[in-house]
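In our numbering, the protein residues as written are 358 to 868.
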Amino acid sequence: MPIFENIKVLLDESLEKKLRKLDPAMGSFRILKKSLDARRKDRLHHLYSAETFPDPVAPPYIFETPTRVQARKDLPTTTVVGAGPAGLFAALWLLERGLPCQVIERGKPVLPRMKDISKHWRHGQVNADSNVCFGEGGAGAFSDGKLITRIKSPFKQFVMEQMVRFGAPDEILYLANPHVGSNKIRTIINNLTKHLHENGCPIHFDTRAEEFHWSEGRLEKIVTPDGRVFKSDNYVLATGHSAHDIYDKLFAGGVPCETLNMAMGFRAEHPQVWVNEAQYGSRWEHPELPVANYKLTCHDDRTNIGVYSFCMCPGGYVLASSAQQGRMVVNGMSNYNHGSAYANSGIVVTVHKDKWFAAGPEAGLKFQADIERKTQEKVWAAGGTIQVPAQRVEDFLNDRVGSVAKSSCPSGVIAVNLRDIYPPELTEAFTRALQDFNRKMPGFMGNDALLHGVESRTSSPVRVVRDDEKLCSPKFTNLYPSGEGAGFAGGITSAAVDGIRVAESICKTLT
Ligand SMILES: Cc1cc2nc3c(=O)[nH]c(=O)nc-3n(C[C@H](O)[C@H](O)[C@H](O)COP(=O)(O)OP(=O)(O)OC[C@H]3O[C@@H](n4cnc5c(N)ncnc54)[C@H](O)[C@@H]3O)c2cc1C
């Protein structure tokens, strides 16, 4: 069918009318790509690619199913540890290819997990196994549900199509910035886990991998705290970057790991209306315009440190998202409708491993933990209990506590001086970046601008080494480290793709 590319549609124009001019015989059409060009505020427009059809109803988007491995009696079994995007997509791929597998997950299904999260936000009690990061869907389930990724992989399209299969709107297949929001991602994940369960891949909740038994270059078995034993031919380790206890077990077992750079900082929040006006100008209320976001970067020449905005959540909420009691961590999320009056985004500084934790992965984890503990202690010292520490940008620049404006954070905020949380060199780079961002987007340091502490879990400081081709640990060849915690992904889609990559690698051992 004819495909038309780069169709420019101004806000008051209609794509359908434009397509009808290009293809007078058109009965229906399907959008293949849609992006917003907001570089010139007086020429705001969408760019489309679309396919037209003579029939009045366009055919559905196609779902590819992988070819099944030929049934054999000796098919190897796999235990997937962790039901985040990496673990669930690894299990889905194995299931679709016809290989037996099961998933073990330390947390709970979404609904009981929500009760535990509520206890965290309302009473300050963090459940070490069931929280914003742990449970059905992993950190992905309470994420912002942005599905964009910069990685290139043949499996990316499969992941997006499966998201639609399990409940995401079709638009994620063509939007430049696909987003399903926290409310929809939970439903999608729930449908995916139900599908796995009902088709022969059991998911064991409340099941923490506690003991790892290593023998002769292989992982022999995993034992839970209540003595249940999980034994299989292969293991996918997809435990995410918040499971610090897992890293200790890997270090103790001699599993090769290496250090990665981190990016840490604060979560900035502004009124959404200000972001909309800053990005779109006078037409910001036009119904064809999505809520606006921003992407800012700066290289601080004096310290030679990069600073950038990360994981922006327009119309979103700032959340306390620690998986450990006594450690303060924040993140952001929004629902599909971007309904909150605030826009938040991580503003993070690159923390170079060679400078700050050259001693190795343990030192990287300690650096992270120390910052998070110090931030929580500041909350307690200020008389806070459940609140997230916050500071107006202006007060941060002037090194004073001041008072805090309103925030979207469901557990509330408390005024704290965040200026001495990080080593001075990182704070200096961060400060100059704020000034640079304020030049690029006047008002970035405005009266209503708030910083929340701390954005410390943008990525894993540890990579679990794996063989480039086989994707297994070079020392324990039936162990397949995967996803964000293993240092091979940074986000929902890339973690899901990495899960599929290791699952496919397990399939390849059969040929
Ligand atoms: C609030 C928030 C918002 C986010 N927003 C976005 C976004 O909009 N877009 C985006 O791309 N990314 C976002 N992220 C990041 C994204 O969620 C992660 O990158 C992604 O979930 C990583 O997937 P994963 O499968 O590698 O690990 P995880 O999702 O972390 O899953 C790991 C799982 O392993 C389980 N586990 C850990 N230890 C054990 C054990 N010992 N035994 C059994 N199970 C164990 C955990 O309980 C968890 O369920 C967000 C994260 C948060 C917290």
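Positions of the beta carbon are idealized from the N, C-alpha and C atoms, including for glycine.
Every value quoted in this text rests on a predicted model; they were computed, and no experiment measured them.
Would residue i and residue j qualify as a contact pair, given that the criterion is a beta-carbon distance under 8 Å?
i	j	result
L549	I560	no
F446	I857	yes
I461	A498	no
V758	A620	no
G557	L451	no
M358	T409	yes
R820	A843	yes
K390	S371	no
S697	S765	yes
W478	I743	yes
R347	R749	Residue 347 lies beyond the range of the chain shown here (358 to 868); nothing can be said about it.
Y418	E518	yes
F569	K606	yes
F515	G622	no
I704	S666	yes
R463	R575	no
S817	L653	no
K465	S500	no
V686	H809	no
G492	R470	yes
G494	G439	no
T732	V811	yes
Specify the secondary structure class of residue i as computed by DSSP and reduced to three states.
i	result
Q427	coil
Y878	The question about residue 878 has no answer, for the chain in this structure spans 358 to 868.
K378	helix
M619	strand
H695	coil
M383	coil
S816	coil
F801	coil
Y665	strand
M517	helix
T422	coil
S539	helix
S765	coil
A786	helix
I778	coil
K509	coil
T544	helix
C655	strand
H627	strand
P838	strand
W641	coil
K465	coil
E573	coil
For residue i, collect the residues of the same chain with a Cβ closer than 7 Å to its Cβ; drop the 5 residues on either side in sequence, then sort them by chain order.
i	result
K735	P746 and V773
Y693	V537, G538, N540 and K541
N633	W641, V648 and A649
L367	H402
E861	W450
E615	P718, R820 and V822
A720	F714
Tell me which residues share the same chain as residue i and place their Cβ nearer than 6 Å to its Cβ, disregarding the 5 neighbours each side in the sequence.
i	result
A852	P442, A443, G840, E841 and A846
I508	S851
G848	T506
M669	N650 and S702
L393	H403
V414	S385
F361	L379 and A407
A739	I771 and V773
G610	F569 and W571
Which same chain residues, not among the five before or five after residue i, have their C-beta less than 8 Å away from its C-beta?
i	result
I545	M520, F523, G524, A525 and V537
P416	R387 and F410
Y674	G689, M690, S691, S697, Y699, N701, S765, C766 and P767
M383	L376, R377, T409, F410 and P411
Q682	Q482, V483 and A485
R397	none
A635	A649, Y651, M798, P799 and G800
Please tell me whether residue i has its Cβ less than 8 Å away from any Cβ of chain B.
i	result
Y592	Reference to chain B is not applicable here, since this structure consists of a single protein chain.
Three Cβ pairs or more, each shorter than 8 Å: is that satisfied between the segment 453-460 and the segment 426-445? Verdict: yes, contact present.
Looking at C-beta atoms only, is the number of pairs between the segment 826-839 and the segment 653-665 that lie closer than 8 Å three or more? With the cut-off at 8 Å, the segment 826-839 and the segment 653-665 do not touch.
Three or more beta-carbon pairs under 8 Å between the segment 796-815 and the segment 614-628, yes or no? Touching, yes, given that three or more Cβ pairs across the two stretches are closer than 8 Å.
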